[in-house]
Amino acid sequence: MNSQLLISISATIVLIVIPFVVMRRLIPAPGKKIQASPSSMSPNPTKLCESLAAALPDSLILPHQTEAFTQSLNSYWAKQEYNIVPACVVRPRTTQDLCTVITILKHEHDEQVHAGTEKAEGLFAVRSGGHSPVHCTASISGGILIDLSLFNEVIPSDDGSSVAIGAGNKWMNVSKVLDARGLAVVGGRNSAVGVGGLTLGGGLSFFSPRFGLVCSNIISYDIVLASGTVVTASESNNSDLWLALKGGSNNFGIVTRFTARAFPATKIWSGFLYMPIFQATKVLSAFHKYVATADSNGSDTSAGDVNAAGPIVCFSYVQAIGIQTIAVNLVHTSPPAKKWPTCWGRSSFSSLWRIWSTCKVRTLTSATDEMNALNPPGRRQLFATITIKNDPATITAMHSIYRESIDPLRRAKGLVWTLVMQPLLPSWLQKGDANPLGLDGVDEPLILVSFTVNWDKDEDDELVNTITRKAIENMEAVAVRSGTAHPYRNMNYCAQWQKPFQGYGETNLRLLQETSKKYDPDGLFQKGCVGGFKLFSDVDS
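Residue numbers (the working numbering): 343 to 883.
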């Protein structure tokens with residue numbers, strides 16, 4: 343056989359096989375779950391656990407109930423959360439049960455504040471889906487963990503215009519029910535993400551181009567306040583609280599139910615294009631071009647298509663085999679039966695050379711399951727984020743900083759280091775209800791730039807966190823110098839050391855703080871509840 347032909351065949355095999363191997367590494371096997379041992383747990387229930395057990399004996403899980411307790415610890419997405427052991431887990435069965443829990447916790451909080459003890463800070467944590475990688479967002483060491491998993495109803499209204507969604511659901515539960523009924527809500531894009539955290543943090547959806555952010559499509563919230571009472575917050579009742587919950591996180595109480603707007607929906611077209619790293623420059627150019635025209639009325643056929651979601655562009659370095667690759671997620675929520683939707687078929691992405699594509703018509707559940715499969719539970723995790731304007735030089739600089747950060751991370755075992763870019767368009771932000779995110783005045787396309795990082799060993803935690811923070815700081819500095827920085831930080835993508843509420847603006851922050859003082863005057867959810875970004879302590883410079 344001709345030697346040149348052999349070389350060509352060999353090169354083709356390498357180009358095809360290696361990316362397949364890379365993507366296998368990008369879908370890691372879930373890490374081994376910890377097996378909680380008595381030595382790692384509180385040997386005896388605390389006085390507060392005993393009070394809760396007396397009031398709700400069927401709702402409490404204590405450390406000596408090894409199987410149930412371990413199962414609770416292992417339900418977190420990020421591996422680092424497995425090792426944070428509460429004194430007990432309380433799993434309320436009804437809203438009244440939760441009111442009882444909060445009444446007991448508030449009494450303890452007030453007593454400790456009166457006694458001047460520091461224990462008043464950090465009595466309890468609340469877990470909806472447990473998908474955040476931020477330390478102790480939904481976990482607590484030695485305190486009370488409130489597990490909302492039994493608040494799992496998904497109930498469409500008779501006319502299909504709304505859906506009541508329990509706060510303990512994950513989005514997979516919601517989409518499975520609604521897929522079967524030909525309905526959808528503006529909800530999460532990853533099936534394993536919890537409804538509560540995503541929605542209270544703002545939330546992006548495949549349906550955001552049509553209807554706006556997740557938080558802007560919530561009709562009402564049922565919420566247990568620090569007083570132990572339950573109220574409904576809507577546009578006509580407790581409207582200040584209703585507004586504050588659209589991005590205000592867990593600072594006002596515990597939401598038990600979201601009533602979301604619903605709409606008729608069919609299957610969607612969704613998937614990933616997988617490309618070799620030498621396509622990076624072309625991918626960045628295609629991304630910038632799409633974002634620049636998607637909200638316009640120009641000649642680009644993608645312009646103004648409210649069913650086109652994305653693109654989400656991901657650059658990944660896989661430490662185990664030392665290879666980089668690219669994945670681009672494209673979605674269309676009202677597709678033709680078989681072929682590519684026109685907006686994507688005529689976009690620059692369609693002409694890029696790729697290894698393979700998973701794009702096809704499928705259920706929403708299938709699309710969100712694919713997102714989840716790329717980063718399943720059981721590994722150490724980290725997010726961090728900034729927001730920039732759609733400037734090509736700044737976009738290129740973000741990618742350069744990502745690449746320059748790879749070398750010092752090569753020794754982090756099992757590392758998958760991913761840079762994600764996705765648009766946030768003005769038209770999306772003008773749809774749905776108002777919110778306090780500070781984005782109502784946006785008049786040009788923005789880009790959310792974030793890191794999604796996972797790795798194997800706790801010995802590499804400091805290295806990964808340090809390099810990620812340095813990369814974000816370098817990105818911020820470049821954007822500021824270029825005049826392309828934007829203060830918004832998507833709370834759901836923030837690292838623990840970031841301050842998303844600062845990006846909401848002074849007026850919105852003051853509104854949130856005043857609402858907190860009105861509905862939680864003694865600060866139970868500012869100091870007694872650990873986790874989440876706080877309205878007072880997490881906004882100082």
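Beta carbons: idealized from backbone N, C-alpha and C, even for Gly.
Classify PHE620: buried if its beta carbon has 16 or more other beta carbons within 10 angstroms, exposed otherwise.
exposed
Could you tell me the alpha carbon to alpha carbon distance between GLY865 and ASP800, rounded to whole angstroms?
34 angstroms
Close Cβ partners of SER692 (< 8 angstroms) along its chain, the five nearest in sequence each way excluded
TRP682, TRP686
Rounded separation between ASP564 and ARG704 - CA only:
33 angstroms
Please go through the same chain and pick out, in chain order, the residues whose beta-carbon is closer than 6 angstroms to the beta-carbon of VAL476, but skip the five residues on each side of it.
GLN838
Residue ranges of each beta strand (DSSP E) run of no fewer than 3 residues wholly in the segment 413-445, ordered along the chain?
430-432
According to DSSP, simplified to helix, strand and coil, what is VAL356?
Note that VAL356 scores a pLDDT of 42, beneath 50, so its modelled location is shaky; the value from the coordinates is reported in the next line. Helix.
Tell me, which residues are paired with TRP887 by DSSP?
Residue 887 is absent from the structure shown; the chain starts at 343 and stops at 883.
Anticipated Cβ contact below 8 angstroms, VAL528 with VAL516, distance rounded:
The pair is not a contact, with the Cβ atoms about 11 angstroms apart (cut-off 8 angstroms).
When you compare the CB positions of ALA604 and GLY502, do they come within less than 8 angstroms of one another, or not?
yes
Thinking just about the alpha-carbon of each residue, which of GLY554, LEU440, LEU447 is nearest to the one in GLY510?
LEU440
Thinking just about the alpha-carbon of each residue, which of LYS876, VAL822, SER499, THR408 is nearest to the one in MET833?
LYS876
So, TRP611 versus PRO677, is the Cβ gap smaller than 8 angstroms?
yes
Going by DSSP, what residue range makes up the alpha helix (DSSP H) through THR635?
622-635
Take every Cβ of the segment 453-460, pair it with every Cβ of the segment 430-438, and state whether three or more of those distances are shorter than 8 angstroms.
no
On the DSSP bridge assignment, give the partners of ASN671 in chain order.
PHE614, ILE654
Among ASP500, GLU856, PHE657, ILE743, which one has its Cα closest to the Cα of ALA669?
PHE657
For the structure I just gave you, are there three or more beta carbon pairs, one from the segment 856-875 and one from the segment 566-579, closer than 8 angstroms?
yes
Less than 8 angstroms between the beta carbons of ILE884 and SER576, yes or no?
Look at the range of the chain in this structure, 343 to 883, and you will see that residue 884 is not part of it.
Proximity of GLY530 and GLY589 at Cβ, strictly below 8 angstroms
no
Beta-carbon within less than 8 angstroms of PRO787's beta-carbon, same chain only, minus the 5 sequence neighbours each way: which residues are those?
VAL633, ALA634, ALA636, ASP637, LYS731, ASN732, PRO765, LEU766, LEU767, PRO768
Alpha carbons only, please: which of TYR846, ASN816, PHE878 is nearest the one belonging to SER824?
ASN816
Apply the 10 Å Cβ neighbour rule to THR412 and answer buried if 16 or more other Cβ atoms are within range, or exposed otherwise.
buried
Output needed for LYS702: all residues of its chain with C-beta closer than 8 angstroms, excluding positions within five of it in sequence on either side, in chain order.
TRP611, SER612, GLY613
Any chance the segment 747-766 sits against the segment 843-859, with 3 or more Cβ pairs inside 8 angstroms?
no
Mind listing, in chain order, the continuous beta strand (DSSP E) runs of no fewer than 3 residues lying wholly within the segment 494-543?
496-498, 504-508, 525-527
Going along the chain, which residues of its own chain have a beta-carbon closer than 8 angstroms to the beta-carbon of LEU447, five neighbours each way excluded?
LEU390, LEU465, PHE466, ILE486, LEU866, GLY870
Beta-carbon proximity list for PHE878, same chain, < 7 angstroms, skipping 5 on both sides
GLN855, GLN868
How would you call TRP695, buried or exposed, if buried means at least 16 neighbouring beta carbons within 10 angstroms?
exposed
Status (buried if at least 16 other CB within 10 Å, exposed otherwise) for LYS755:
exposed
Measuring CB to CB, does ASN796 end up less than 8 angstroms from ASN717?
yes
Limits of the unbroken alpha helix (DSSP H) element including LEU853
848-861
Report yes or no: is there a C-beta of chain B within less than 8 angstroms of the C-beta of ARG523?
The structure shown has no chain B; it contains just one protein chain.
Per-residue DSSP class, three states only, for TRP698
strand
Specify, as a first and last residue, the run of the alpha helix (DSSP H) that PHE553 falls within.
550-553
Expressed to the nearest angstrom, what Euclidean distance is found between the alpha-carbon atoms of TRP770 and LYS680?
27 angstroms
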